[in-house]
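Dropping the structure here:
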């Protein structure tokens, strides 16, 4: 049985709640990912900011906070989704995939002893599926005429 620990991205990029949505946007764009865990100084997971959060703040023509700053310059603590689903590194990949499908979410932060140790995303599952399909194709006999 494959477990989350076998396929997760270890030590994902993170920011702290004092960083801004603009910081998140720059990091996501530079590193080409869509999910950014927000952690405290002890690497405890506080929440998650997604590319959708960043795009919503940028697109909002009413994107002002009470002090007049644009939302993109507001600390992440105002945006993080604290209603998180997480997974243990020892959980089965199948269980993680089913959780993501049922909840319609694009990632699961991987938490051990209340600390972020990794992340597994829908892109990871596409890579897994691609590898499995490749293995299947290699194991199937080639018919004549192909």
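In the UniProt record's numbering, the protein residues as written are 1 to 146.
Even for Gly, the Cβ is constructed at its ideal location relative to N, Cα and C.
Quantities reported herein were computed from a predicted structural model and do not represent experimental measurements.
Please list, in chain order, all residues of the same chain as residue i whose beta carbon is under 8 angstroms from its beta carbon, the five residues on each side excluded.
i, result
"residue 106", "34, 35, 50, 100, 121 and 122"
"residue 40", "16, 17 and 46"
"residue 116", "12, 14, 37, 39, 43, 44, 45, 109 and 110"
In the DSSP assignment, what residue or residues form a beta bridge with residue i?
i, result
"residue 120", "108"
"residue 35", "50"
"residue 20", "75"
"residue 115", "44 and 112"
Where do the ends of the alpha helix (DSSP H) carrying residue i lie?
i, result
"residue 54", "51–59"
"residue 99", "93–103"
"residue 81", "Premise fails: residue 81 is in no alpha helix (DSSP H) and is neither H nor E."
"residue 5", "4–7"
Less than 6 angstroms between C-beta atoms, sequence neighbours within five positions excluded: which residues of the same chain meet that for residue i?
i, result
"residue 2", "93"
"residue 77", "17"
"residue 130", "none"
"residue 185", "For residue 185 there is no data in the structure shown, the boundaries of the chain being 1 and 146."
"residue 114", "44"
Taking C-beta to C-beta, are residue i and residue j nearer than 8 angstroms?
i, j, result
"residue 12", "residue 128", "no"
"residue 6", "residue 90", "no"
"residue 95", "residue 125", "no"
"residue 81", "residue 27", "no"
"residue 104", "residue 88", "no"
Could you round the C-beta distance between residue i and residue j to whole angstroms and report it? I think they count as a contact, below 8 angstroms.
i, j, result
"residue 85", "residue 21", "In fact, because the Cβ distance is near 22 angstroms, the residues do not count as touching under 8 angstroms."
"residue 54", "residue 73", "That pair is no contact at about 12 angstroms."
Apart from the five residues on each side of it in sequence, which residues of its chain come closer than 7 angstroms, Cβ to Cβ, to residue i?
i, result
"residue 58", "72"
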